[in-house]
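Colleague: Before I ask anything, here is the structure I am working with.
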Amino acid sequence: MKLFDTGDVRLHYRVDGPDDGAPVVFANSLGTDMRLWDPILPLLPKGLRIIRFDKRGHGLSTCPPAPYSMGALVSDTEKLMDFLGVKDSVFVGLSIGGMIAQGLATKRLDLIRAMVLSNTAAKIGTPEMWADRIKAVQENGIESLADAIMERWFAADFRATPELELWRNMVTRQENDGYAGCSAAISGTDFYTPTAGLRLPCLGIAGSEDGSTPPDLVRETVDLIPGSKFHIIRKTGHLPCVENPVEYAQVLTDFLKSVGHV
Ligand SMILES: O=C(O)CC1=CCC(=O)O1
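Residue numbering for the sequence shown follows full-length UniProt numbering, beginning at 1 and increasing consecutively.
Set out below in structure tokens:
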């Protein structure tokens with residue numbers, strides 16, 4: 001557990017694995033912190049250098065007042081990777097994390113040699129939808145959104161398990177400004193044109209029951225990049241790395257092998 005000062009925020013990050021391991025960077029979704037990846041990490045091949053971080057306004061990172069821009073989120077990630085000397089990573093981004101992946105690959109392809117776009121898209125939702133969410137979180141707090149968030153994040157089977165409470169706790173302990181700030185960044189993002197210009201190995205992962213970024217939306221984005229692979233994890237929602245870590249880790253491992261990262 002460490003803090004890195006970008007100049008305007010301090011980012012909580014964590015590195016696991018050997019210094020000379022092939023780097024894999026994980027960027028998590030709106031309302032989650034780096035613990036999102038805990039279920040899959042023990043299932044990945046040994047010897048990787050695993051880099052995780054809490055984006056601004058999330059987890060143990062500092063929380064500037066909303067709104068944030070996608071440019072700032074991309075720049076935070078770029079600065080952290082430069083600080084850690086990470087290049088040629090496989091970058092795994094889920095939801096807003098996948099937007100950060102697209103923005104970073106467009107800006108600094110030297111940092112990313114292959115990417116996983118998980119439960120994400122070039123554009124997510126509409127400005128009106130995000131304006132409603134920002135208003136709700138600012139006026140009534142994140143708790144007022146929590147039940148609807150659980151419905152989008154998880155398929156019915158998982159919602160019936162005791163583990164649901166842990167993830168609900170994660171989101172309800174999320175700072176309102178961090179949630180509103182990142183919602184504003186998503187609202188202002190449309191990466192269709194830059195992502196269509198990207199040329200790198202890409203894997204799309206979708207959850208069959210995802211209420212935020214349904215499989216067709218994820219596929220539309222990864223199909224912008226010629227040669228991309230695409231995989232749907234059945235009976236999962238927006239966070240398939242939590243709901244079916246075994247399949248998620250297997251698909252990710254196969255991709256890491258296909259690009260020569262392991
Ligand atoms: O809709 C949600 O709550 C999930 C989500 C949308 C963008 C993101 O990062 O998470």
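A virtual CB, placed ideally from N, CA and C, is assigned to each residue, including glycine.
(1) Report the rounded CA-to-CA distance for residue 60 versus residue 42, giving the unit in angstroms.
(2) So the candidates are 15, 146, 92 and 48; which of them puts its Cα closest to the Cα of residue 241?
(3) Once DSSP output is grouped into helix, strand and coil, what is the label at residue 49?
(4) Considering only the alpha carbon of each residue, which of 221, 153 and 130 lies closest to residue 179?
(5) How is residue 208 classed by DSSP in three states: helix, strand or coil?
(6) Assign residue 263 to one of three DSSP states: helix, strand, or coil.
(7) Please state if the CB of residue 95 and the CB of residue 44 are separated by a distance shorter than 8 Å.
(8) Residues around ligand 1, please: the condition is that the C-beta lies closer than 5 Å to some non-hydrogen atom of it.
(9) So residue 100 is in the beta strand (DSSP E); what residue range does that whole segment cover?
(10) Leaving aside the five residues before and after residue 288 along the sequence, list all residues of the same chain whose C-beta is less than 7 Å from its C-beta, in chain order.
(11) Quick test of your reading: residue 231 and residue 153, contact by CB under 8 Å. State the CB separation rounded to the nearest angstrom.
(12) Thinking C-beta only, is residue 122 closer than 8 Å to residue 192?
(13) Provide the residue(s) that pair with residue 241 in DSSP beta bridges, ordered along the chain.
(14) Using a 10 Å radius around the Cβ and a threshold of 16 neighbouring Cβ atoms, would you call residue 155 buried or exposed?
(15) In or out: residue 246 buried (at least 16 other Cβ within 10 Å) or exposed?
(16) Which residue's Cα is closest to the Cα of residue 226: 216, 214, 203 and 119?
(17) Roughly how far, in whole angstroms, is the beta-carbon of residue 213 from the beta-carbon of residue 149, given that I think they are within contact range, below 8 Å?
(18) Got a sec, what are the start and stop residues for the beta strand (DSSP E) residue 16 sits in?
(19) Who are the Cβ neighbours of residue 196 in its own chain at under 6 Å, not counting the five residues just before and after it?
(20) To the nearest angstrom, report how far apart residue 147 and residue 20 are at their CA atoms.
(21) With H, G and I counted as helix, E and B as strand and the rest as coil, what does DSSP make of residue 26?
(22) Assuming residue 101 contacts residue 27 (C-beta within less than 8 Å), just tell me the rounded distance between them.
(23) Could you give the first and the last residue of the continuous alpha helix (DSSP H) run that contains residue 136?
Modeller: In short:
(1) In the sequence shown, residue 60 corresponds to position 60, counting from 1. In the sequence shown, residue 42 corresponds to position 42, counting from 1. Distance between the alpha carbons of residue 60 and residue 42 is about 22 Å.
(2) Here residue 241 corresponds to residue number 241 of the sequence shown, with the count starting at 1. Closest option to residue 241, Cα to Cα, is 92.
(3) Here the question's residue 49 lines up with position 49 in the sequence shown. In the structure shown, residue 49 sits in a strand (DSSP, three-state: E or B).
(4) For this step, residue 179 is matched to residue 179 along the sequence shown. Taking only the C-alpha atoms, the option nearest residue 179 is 130.
(5) Against the sequence shown, residue 208 aligns to sequence position 208. Note: residue 208 maps to coil in three-state DSSP.
(6) Outside the displayed span of the chain (1 to 262) sits residue 263, for which this structure offers no information.
(7) One-based indexing of the sequence shown puts residue 44 at position 44. One-based indexing of the sequence shown puts residue 95 at position 95. No, the Cβ-Cβ distance between residue 44 and residue 95 is not below 8 Å.
(8) Shown in chain order are the residues whose CB sits closer than 5 Å to a heavy atom of ligand 1: 29, 30, 95, 96, 149, 152 and 212.
(9) The residue given as residue 100 occupies position 100 in the sequence shown. Looking at the DSSP string, residue 100 is not in any beta strand (DSSP E); the run it does join, the alpha helix (DSSP H), is 96 to 107.
(10) The requested residue 288 is not part of the displayed model; the chain covers only 1 to 262.
(11) Position 231 of the sequence shown, counted from the first residue, corresponds to residue 231. Position 153 of the sequence shown, counted from the first residue, corresponds to residue 153. Contact doesn't hold; Cβ gap of about 19 Å is too wide.
(12) Residue 192 sits at position 192 when you count from the first residue of the sequence shown. Residue 122 sits at position 122 when you count from the first residue of the sequence shown. The answer is yes: Cβ separation under 8 Å.
(13) One-based indexing of the sequence shown puts residue 241 at position 241. Answer is none; residue 241 lacks a bridge partner.
(14) Here residue 155 is taken as the residue at index 155 of the sequence shown, counted from 1. Looking at its Cβ environment, which holds 16 or more other Cβ atoms inside 10 Å, residue 155 is buried.
(15) Along the sequence shown, one-based indexing puts residue 246 at 246. The residue in question, residue 246, is exposed, as its Cβ has fewer than 16 Cβ neighbours within 10 Å.
(16) On the sequence shown, position 226 is the one that residue 226 refers to. It is 203 whose Cα lies nearest to the Cα of residue 226.
(17) As a working mapping, residue 213 is identified with position 213 in the sequence shown. As a working mapping, residue 149 is identified with position 149 in the sequence shown. The Cβ separation is near 14 Å, so there is no contact.
(18) As a position in the sequence shown, residue 16 is number 16, starting the count at 1. It spans 10 to 16 - the beta strand (DSSP E) in which residue 16 sits, taken as one unbroken run.
(19) Translated into the one-based positions of the sequence shown, residue 196 becomes position 196. Taken in chain order, the residues that qualify are 224.
(20) On the sequence shown, residue 147 is found 147 positions in, with the first residue counted as 1. On the sequence shown, residue 20 is found 20 positions in, with the first residue counted as 1. Computed Cα separation, rounded: 43 Å.
(21) Position 26 of the sequence shown holds residue 26. DSSP places residue 26 in strand when its eight states are reduced to three.
(22) Against the sequence shown, residue 101 aligns to sequence position 101. Against the sequence shown, residue 27 aligns to sequence position 27. Right, the Cβ-Cβ distance comes to about 6 Å (below 8 Å), so this counts as a contact.
(23) For the purposes of this step, residue 136 is taken as residue 136 along the sequence shown, with counting starting at 1. Per DSSP, residue 136 belongs to the alpha helix (DSSP H) from 127 to 140.
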